[in-house]
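For reference, the structure discussed in these notes is given below.
Protein chains: 2
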Amino acid sequence: MLEPLYLNLGQHDALSDAEKALLDSAMTFERHFAIGQDIVASGSRPTYSTLILDGLAARYKVLENGGRQFTSLQVPGDFVDLHAFLLKTMDHGIVALSPCHVIFAEHSKLRAITEEAPHLTRLLWLDTLVDGAIHREWIVAMGRRSKTSHLAHLVCELFVRLQVVERTNGMSFHLPLSQAELADVLGLSVVHMNRVIGALRKVGVVSWANHTVTILDWHRLQEIAEFDPTYLSMMREPR
Amino acid sequence: MLEPLYLNLGQHDALSDAEKALLDSAMTFERHFAIGQDIVASGSRPTYSTLILDGLAARYKVLENGGRQFTSLQVPGDFVDLHAFLLKTMDHGIVALSPCHVIFAEHSKLRAITEEAPHLTRLLWLDTLVDGAIHREWIVAMGRRSKTSHLAHLVCELFVRLQVVERTNGMSFHLPLSQAELADVLGLSVVHMNRVIGALRKVGVVSWANHTVTILDWHRLQEIAEFDPTYLSMMREPR
DNA sequence: GACGGGCATTAACATTTGTTAGAGTGCGCT
DNA sequence: AGCGCACTCTAACAAATGTTAATGCCCGTC
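Taken in order, these protein sequences are the chains called F and R.
Going left to right, the first sequence walks through residues 18 to 256 as the numbering used here numbers them.
Going left to right, the second sequence walks through residues 18 to 256 as the numbering used here numbers them.
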């Protein structure tokens, strides 16, 4: 059941069976969310954290003028609101971008982990640190990359992250985002988003149809994106 | 000596004397950095984390075309590379934007804290989570705010953060950034950065000269920025 | 006091990005 | 089959942002 979480945490350092059992025992009930439903509401104070077992979700904020910005995309194995365990109040919402199957971990249990399982605590902490590293990469992409490069970088990142949790199919993966939603990831208008996707298609490094992205030339895509996966900390080492 | 750190961590939850002593004992040597010097190099694997006692620093990445993007600004009381304790490899550099006085905390000591002091561990973890929350706010600002609003938001954020560590002077604070550096924060060209600063000056909510920013109309500045400090988690509550 | 360097500012022009509008496409529903 | 709906794609034009270059200002050095 928690396989995606084991894969996610386990990419950074070995997870013992005892630790897996601890994580298991922290989980309470499961739930399914439909596309567009809020998994966590902005302003709420959840008493549990949400782990994605299957589906794609995103963190977002909405401004007064109606503009929406996604601040992260969350794949299976991600704790979408682990930070709320200590931050307490959600300063953003989390929405399901595809049908999502999730399971909840009680904060009281997570707290117990911090009291009794230092190594597992560090791995959970690390999980939120990688989150931050991804945020930083997004900031760089938004500020200093060309839009084509930004999109290419996003494709590289998603491919690698999905590969870790075994959600890729060869060089393809499912990306159930409309162009309007993608525009809210990159911070563009829908029209320009469409232009940028067209540009990336035109250079021939990806094919993109039916919400399926296929990487045709990984090397060149990585080059366009200046993608260096260091920030994802995928090296397994003692933490 | 560690007063700024106590103020920073203490804003979220009470710090006991024992915890302060533990932090004290984690510190090793101090050092000064001149403007422009790298405090931590990209690609390095530090064995200690760096706490700013005085000065302003920034995390940054540089792209192949020479473009630089700051991903965060760090004020006194900030652990600029606490994340490297678990991330291990620095995927970005950290540079001194003003003369910086820092002190180093051994990773081995931080590890010991995670083994023996769960509450303090949670506070340190929280510190990195606030970091992430700031990143998210920056992503929103870069993607969906007008440039004027983005700058206004930055001013609000810095003012509040500096106030916590008692580095403000009434409604003024020192901001030793050139417009070129500021441009690398907002992801703009220098010329446009100059236009945006001019625009913010023109509406009369701030005065900005000699690297000193004075907020003339906090209420209206906050309105322009749509600034809501929730993400900084400044409420003191059990964590 | 003359000189030079870094920084702020402005202008003119080029390029990117947004806006508004509409046409085309695929798909589920009746 | 026909309809409606959401989404993709394009065009034409408007606005924002970047580039290049020049000017002025402040300040430290000789």
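Idealized CB from N, CA, C, for every residue including glycine.
Can you tell me whether F:M252 is buried or exposed? The criterion is at least 16 other CB atoms within 10 Å of its CB, across all chains shown.
exposed
For R:I111, count the other beta carbons within 10 Å of its own beta carbon; 16 or more makes it buried, fewer makes it exposed. Which is it?
Counting C-beta atoms within 10 angstroms of its own C-beta, R:I111 has 16 or more neighbours from the protein chains shown and is therefore classed as buried.
Note down, in chain order, each residue of its chain lying with its Cβ closer than 7 angstroms to the Cβ of F:V230, except the 5 sequence neighbours on either side.
V172, S189, F190, L192, V223
3-residue-minimum beta strand (DSSP E) runs that sit fully inside the region 156-224 of chain F, ordered along the chain
189-191
Suppose you measure from the CA of F:P135 to the CA of F:L19; what does that come to, to the nearest Å?
20 angstroms
Spatial distance of R:I214 from R:T165 (CA atoms)
8 angstroms
Under 8 angstroms, with one C-beta from each stretch per pair, do the region 28-48 of chain R and the region 116-135 of chain F reach the 3-pair mark?
no
Nonlocal neighbours in the same chain, by C-beta distance under 7 angstroms from F:S61, ignoring five residues either side:
M107
Cross-chain neighbours of R:S42 in chain F, by beta carbon under 8 angstroms
Residues of chain F passing the Cβ test: none, with the nearest at roughly 18 angstroms.
Which of helix, strand or coil does DSSP assign to F:Q28?
coil
So that I know if they touch, is there some Cβ in chain F lying closer than 8 angstroms to that of R:K78?
For R:K78, at least one C-beta of chain F is nearer than 8 angstroms to its own C-beta.
Short-range partners of chain F found in the region 102-122 of chain R, where Cβ spacing is below 8 angstroms
L103, L104, K105, T106, D108, H109
If you draw a straight line from the alpha carbon of R:T145 to that of R:S115, how long is it in whole angstroms?
23 angstroms
Please list, in chain order, the residues of the region 157-174 of chain F that have any C-beta partner in chain R closer than 8 angstroms.
V157, M159, G160, R161, R162
Hey, how far is the Cα of F:E240 from the Cα of F:H29?
25 angstroms
If you draw a straight line from the alpha carbon of R:V208 to that of F:V157, how long is it in whole angstroms?
The alpha-carbon atoms of R:V208 and F:V157 are separated by roughly 20 angstroms.
Range covered by the beta strand (DSSP E) that runs through R:T247
No beta strand (DSSP E) contains R:T247, which DSSP labels as neither H nor E.
Straight-line Cα distance separating F:R178 from F:L238
16 angstroms
Should R:T64 go down as buried or exposed, given a rule of 16 or more other Cβ atoms within 10 Å for buried?
exposed
Could you tell me the distance, in whole angstroms, from the CA atom of F:D201 to the CA atom of R:A226?
36 angstroms
Give the single residue among F:S59, F:V147, F:W155, F:A38 whose Cα lies nearest to the Cα of F:F96.
Cα-wise, what sits closest to F:F96 is F:V147.
Using the beta-carbon of each residue, which ones in chain F are nearer than 8 angstroms to R:A150?
Neighbours of R:A150 on chain F, chain order: H100, L104, D108.
Could you work out which residues of chain R lie near F:L143, taking near to mean beta carbons separated by less than 8 angstroms?
In chain order: L103, L104.
What separation, rounded to the nearest whole angstrom, lies between the Cα atoms of R:V182 and R:D71?
10 angstroms
Cβ-based burial, R:D34 [other Cβ within 10 Å; buried from 16]:
exposed
Which runs of the alpha helix (DSSP H) fall wholly inside the region 58-134 of chain R and span at least 4 residues, in chain order?
101-104, 124-133
The alpha helix (DSSP H) enclosing F:E254, as first and last residue numbers
Here F:E254 belongs to no alpha helix (DSSP H), and DSSP marks it neither H nor E.
Nearest-angstrom beta carbon gap, F:T131 and R:R139 [assumed within contact, 8 angstroms]:
6 angstroms
Label F:L143 either buried or exposed according to how many other C-beta atoms from any shown protein chain fall within 10 Å of its C-beta, with 16 as the threshold for buried.
Result: buried.
In the DSSP assignment, find the unbroken beta strand (DSSP E) run with R:I241 in it and report its ends.
Here R:I241 belongs to no beta strand (DSSP E); instead the alpha helix (DSSP H) covers 235-242.
Secondary structure of R:I232, DSSP reduced to three states
strand
Apart from the five residues on each side of it in sequence, which residues of its chain come closer than 7 angstroms, Cβ to Cβ, to R:R256?
H29, D30, R139, L140, L143
Starting from F:A43 and walking both ways along the alpha helix (DSSP H), at which residues does that stretch end?
DSSP places F:A43 in the uninterrupted alpha helix (DSSP H) bounded by 34-43.
Please work out which residues of its chain come closer than 8 angstroms, Cβ to Cβ, to R:M159, disregarding the five sequence neighbours upstream and downstream, and give them in chain order.
Excluding sequence neighbours, R:M159 sits near H167, L203, G204.
I want to verify the contact list: residues of chain R whose CB lies under 7 angstroms from the CB of F:L146, in sequence order.
H100, L103, L104, T145
From the beta carbon of F:Y65, is the nearest beta carbon of chain R less than 8 angstroms away?
no
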